[in-house]
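For the sequence shown, counting from 1, position 83 maps to 85 in this note's numbering; every step adds exactly one. Data block below; observations after.
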Amino acid sequence: MTDRLRIEVYRKAEQKFCGDFGGTVLIGRQANPAEPLFFSHLGEGGATRLAIAAGDQSTISRLHLRLEPRSGDRVRADNRGKNVIQVVDNPPLAPGDNCEVDLPAIFVMGEMAVRVKPFTPRVDHGEFLSLDQPTMIPNRSADVLIAGAPTRLTATLVNDSAKSLASAEMPRPSAAIAAFSLDASEGAIGWLQTFIDVLQSAVNSSDFFARSAAAIVNLVGLDTGCALLAQNDQWEIVAKVSAPHIADQPPFRPSNRILKRMKQEKRTFWQRPSSATDSGTPRASSSMNSLAEVEAVVVAPLMNAAGQVIGAMYGERRTGSEHGPDPSISRLDAMIVETLACGVAAGLARQEEQKKAMAARVRFEQFFTPELTRQLELEPDLLNGREADVSILFCDIRGFSRISHKIGPTRTLDFIHDVMNELSEIVVRCQGVLVDYIGDELMAMWGAPQAQPDHADLACQAAIEMIRVIPRINARWQAEIAEPFDLGIGVNSGRARVGNTGSDRKFKYGPLGSTVNLASRVQGSTKYLCSQIIITSATQQRLNQPLTLRRLCHVRVVNIPDAVELFELRACTDDAWSSICQRYHRCLEHFEQQQFHRAVALLGEILTDHHDDGPSLLLLSRSVNQLVQADPKFDVAWTLPGK
């Protein structure tokens, strides 16, 4: 009967874990967020527990699959979860059922697949020795790795320390452990606390490479400790610390042979003292050999989140050092070095996460408010494509072609930069998202990625502030452009698909759909109606705060089948504006009821007092045309002559 299993875990055909286990194994999801993924530890009844899925994955139970080795390269599988387990080439395993199958066997739970094979010893009894399991891979949280990295070491120290320290495999206890006068288990626990303090200090500091190399010397008791980074097929020494008594030894050169083996198998290796050669030549015959003065070597890989070896923690003990008659490296020494390597890998993973977070912050702050940027760092899934109720604003510089012709290309760039800076600050101040700049036009959005119940109010507030900033910009540019510039702003609200509308190379978070197209058309209508801000009825209906609006007309726009009702919003409102709105509304009602004579008479009165009122001029023109040549198919909606 075999009492050991080799277990490999895959997610979407990508291997996430490989390890060897003795006895019963319990496989499932995290019991709590602090439990590291793909790291085994003792569970209930002395069985080994292995978490392969996050705690929120409902397809996998906390204790889902129980595996027990049986004779003849077979395994008993118990489904202790709530969902069916698919067993490749065998009947499915329903909840509460069990089966006994030949190895190798594959068990599928949700998107995770567990392949179980007979154990084949990985320890090399020739030149090198290795730990049974590959070195753990940093997961999504470096802090979880730091918390979980010593788990394998903890189990060994607490459960087997007395036996291990007395075994022939480990004749020389590590220096740190030997310093404790307590019994083996209690001393090991105390040493572990010391180790964790060193590890956390190393990871949290800028010089964690040097600190970890020093820990190899100080905690493990080796003569030299160093950190290496992989550069293609070469190894760069980024930190090296030696014990004082070997200061006069020859220049340090790590063993390429053991590094190559470590990189291939992604596990911790150490070397027997009797075979410490780099090329198969006995140590005494070649003083140029990288292991010529070395009694023993240990190396543990530094892994990145993709499971690649990006470096190594390396330690050695030299001839003539102060370690007595047996200077060999023990299995426990190797485990300590591996755990230090896990800590360094966690530090590198944290650095990488911080770099990505900083890059994301710089990228996001081009579009989002600082508050929203911080939220997106915590919840990046908010940027995933989804349906949202939004308000879209388009703002265009009126007379831009004329201005650019007058001041030339160089100053035109300065002018557009100045204007867009002012408008962009307003969007961000009003909690909006800067979607795009299209020549002399700005596009902004409210309502995504975070829901904003008042997105219509915020968009209108931004539009008003944009109009109010015009005098300040004019004051700066009046001497050069010799005429005041103006803005045309259109706002529309509705459902849109929002997400990254750019590419992997160029990020652009924004909306797509007819809501966006209509907002652009509404902005285009401002030049025909001679109005600065026009919003749609969809926006007007979503307003929470009362605004004095003028209902202008119904229009038909390109590629939008239904007529759209438009409203004018003014940046400055007073009693005169309220009077214009009331008088215009009566004219519009007469027009819609085809009482064109009454409409013309009232519009004439408005224009006597406000001769440049664009909407009144347009409505007067339409009314007179109906009086001169009545259209039997009269349509209250006006078709915009262009975009």
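Cβ coordinates follow ideal geometry from the N, Cα and C atoms, glycine included.
| Query | Result |
| --- | --- |
| Host alpha helix (DSSP H) of P617 (start-end) | G616 to V630 |
| Cβ-based burial, L261 [other Cβ within 10 Å; buried from 16] | buried |
| Beta-ladder partner(s) of S495, from DSSP | S393 |
| Assigned exposure category for E570 - 16 Cβ within 10 Å defines buried | buried |
| For G616 and Q543, the rounded distance between their alpha carbons | 24 Å |
| Inter-stretch contact (C-beta, 8 Å, three-pair minimum) for the region 371 to 389 and the region 480 to 494 | no |
| Proximity to F109 [Cα-Cα], best of S132, L69 and F130 | L69 |
| Closest Cα partner of A680 within the set R507, C462 and L531 | In the structure as shown, the chain begins at 3 and stops at 645. Residue 680 is therefore absent and cannot be evaluated. |
| Bridge partners - V300, DSSP secondary structure assignment | W272 and G317 |
| At least 3 beta-carbon pairs within less than 8 Å: the region 444 to 455 vs the region 408 to 419 | no |
| Beta carbon of T226 nearer than 7 Å to that of S214 | no |
| Residue span of the alpha helix (DSSP H) that contains I218, given as start and end | F210 to N220 |
| Straight-line Cα distance separating L385 from V500 | 8 Å |
| Per-residue DSSP class, three states only, for A348 | helix |
| Counted within 10 angstroms of its Cβ, other Cβ atoms place N423 as buried (16 or more) or exposed | exposed |
| Rounded C-alpha distance that separates P256 from A351 | 25 Å |
| Alpha-carbon to alpha-carbon, S516 and E16 | 40 Å |
| First through last residue of the beta strand (DSSP E) which encompasses Q233 | T226 to Q233 |
| E16 - DSSP class collapsed to helix/strand/coil | strand |
| Opening and closing residue of the beta strand (DSSP E) in which E485 lies | That residue, E485, is in no beta strand (DSSP E); it is neither H nor E in DSSP. |
| Whole-Å CB distance - L39 paired with V116, under 8 Å assumed | That pair is no contact at about 14 Å. |
| For N81: DSSP bridge partner residues | L67 |
| Test item: CB-CB of S63 and G83 under 7 Å | yes |
| Whole runs of the beta strand (DSSP E) within the region 440 to 473, excluding any shorter than 3 residues | 443 to 448 |
| Cα-Cα separation, L590 to L619 | 12 Å |
| Collapsed DSSP secondary structure at R263 in the structure displayed | helix |
| Residue burial classification, N546 (beta-carbon count within 10 angstroms, cutoff 16) | exposed |
| Nearest residue (CA-CA) to P372, options K358, G490, F396 and E427 | E427 |
| Distance, R553 Cα to S60 Cα | 53 Å |
| Start-to-end residues for the beta strand (DSSP E) that takes in L568 | V566 to L571 |
| Nearest neighbour of H457, chosen from F396, D391, M468 and R404 [CA to CA] | D391 |
| Buried or exposed by the 16-neighbour rule on C-beta atoms within 10 Å, applied to I440 | exposed |
| Nonlocal neighbours in the same chain, by C-beta distance under 6 Å from H556, ignoring five residues either side | A565, E567, V638 and A639 |
| Span separating the alpha-carbon of C228 from that of R13 | 34 Å |
| Per-residue burial, Q32 [other beta carbons within 10 Å of its own, 16 or more giving buried] | buried |
| CA-to-CA distance, K510 to K18, given in whole angstroms | 32 Å |
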